[in-house]
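Chains E and U, in that order, are what the protein sequence lines are.
With the working numbering as the guide, the letters of the first sequence map in order to residues 1 to 151.
With the working numbering as the guide, the letters of the second sequence map in order to residues 1001 to 1151.
Worksheet: one structure, shown below.
2 protein chains.
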Amino acid sequence: MKIFFNMKVNMTGDILQHLSEIGYRQTRTRRAVIRVLEEAQGWLRPEEIQARGKHYCPSLGLVTVYRTLNLLSKLGYVGRVHFEDGCHGYARTELAHGHHLVCRSCHQVVEFPGWEDLSMLIEPIERETGFLIEDHVLGLMGLCPVCQEEE
Amino acid sequence: MKIFFNMKVNMTGDILQHLSEIGYRQTRTRRAVIRVLEEAQGWLRPEEIQARGKHYCPSLGLVTVYRTLNLLSKLGYVGRVHFEDGCHGYARTELAHGHHLVCRSCHQVVEFPGWEDLSMLIEPIERETGFLIEDHVLGLMGLCPVCQEEE
DNA sequence: GTGAATGCAAACTATTTGCAAAGGT
DNA sequence: ACCTTTGCAAATAGTTTGCATTCAC
């Protein structure tokens, strides 16, 4: 097999191949959903995924979007977050991260309020601060078992 | 007014007083919900709050639990998280935090996997590590606008 | 051709809303 | 007494399930 262009790794292709390997079929609907997620810059609601996916597969139904998202979620390709109104947002795993806002280069720290819902924070913060958010970590603070006894 | 015992600040009382001050009424149902939250060690689902609240107010309805939680949430007394199955969990604000696991006293750091859903992490981690989790912070990492241009 | 995947409609579940009755001030 | 708050039942919204049809292999 010769590859002339597009040597770059292709997420959609990789995932579809993986699906084949573990017994799932490569379908137009799955390709559509995966491609939408690949192109998205942030979190998408299922409805939005369906709307965008119809560009690639006009018959794409909302139910199938849900089923595909659940499948990809189980396989670890997409992360799920919860919006304030109770809906879910989905994004490919590399984007599914988040929390102090520190510049990797100059170590500037920007304070921001709110902490209850990560999902809703990321996009607004990017917009308001101009930061390009690349990753995030979760840090719990408290007392370890030993120190609890010494208190 | 004399206070002989229990000089300690009382959350339930504080909140109820605040409610009065801003025009809400002090009711048995609200007292029940607040007290349940005050006594809880972690996140509670509305149903569980109702069940525990009936101990203090037997007629407590689930609808009222929702309304009270929404009120307390707006006033900043409780935080809301989202469980994996789409339900919500509630806890008083001091508990509503989360993410590295660092001992306040010895600075030990415990690594743990997973980041998609904070809510489901806190309780299992407390159970598995024996840590008493008291607080958490969100830290976003990326590039600030200036550094983006220098790259 | 065979069985998995899809789409529709219906089911389900968590949450909210309408309204008459109860409760707080 | 007035007007908020409550609880029930019904409505709503997001998500899942049942089933006949379509599609990938």
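Cβ coordinates follow ideal geometry from the N, Cα and C atoms, glycine included.
- Around the beta carbon of Ile1022 (chain U), fewer than 16 other beta carbons lie within 10 angstroms, which makes this residue exposed.
- Straight through space, the alpha carbons of Thr1027 (chain U) and Met1011 (chain U) are spaced by roughly 15 Å.
- Distance from the Cα of Val1036 (chain U) is smallest, within the candidate group U:Leu1069, U:Leu1019, U:Val1063, U:His1018, for U:Leu1069.
- Annotation note: the stretch 1017 to 1047 of chain U contains the following uninterrupted alpha helix (DSSP H) runs of length 4 or greater, listed N- to C-terminal: 1028 to 1039.
- Exposed is the label assigned to Leu1062 (chain U), since fewer than 16 other Cβ atoms lie within 10 Å of its Cβ.
- Taken through DSSP and simplified to helix, strand or coil, Tyr1090 (chain U) comes out as strand.
- When the alpha-carbon of Ser1073 (chain U) is set against those of U:Cys1057, U:Ile1034, U:Leu1060, the nearest one is in U:Ile1034.
- If you look at Tyr56 (chain E), you'll find it isn't in any alpha helix (DSSP H); DSSP assigns it neither H nor E.
- Each of E:Trp43, E:Gln17, E:Ser20, E:Ile49 was checked against the Cα of Ala32 (chain E), and the nearest Cα belongs to E:Ile49.
- The C-beta of Pro1058 (chain U) has fewer than 16 other C-beta atoms within 10 Å across all chains shown, which makes the residue exposed.
- Taking 8 Å as the cut-off, the beta carbon of Val1065 (chain U) is found no closer than this to the beta carbon of Gly1076 (chain U).
- When secondary structure is reduced to three states using DSSP, Gly1079 (chain U) falls in the strand class.
- In the structure shown, Leu60 (chain E) falls within a coil segment according to DSSP collapsed to helix, strand and coil.
- For the pair Gln17 (chain E) and Thr29 (chain E), the Cα-to-Cα distance works out to about 15 Å.
- Cβ neighbours of Ala91 (chain E) within its own chain (closer than 8 Å, five residues either side excluded): Leu37, Ala40, Gly42, Trp43, Leu44, Val78, Gly79, Val81.
- Residue environment for Gly89 (chain E): buried (at least 16 other C-beta atoms within 10 angstroms of its C-beta).
- Excluding the 5 residues flanking it on each side, Leu71 (chain E) has no same chain C-beta neighbour closer than 6 Å.
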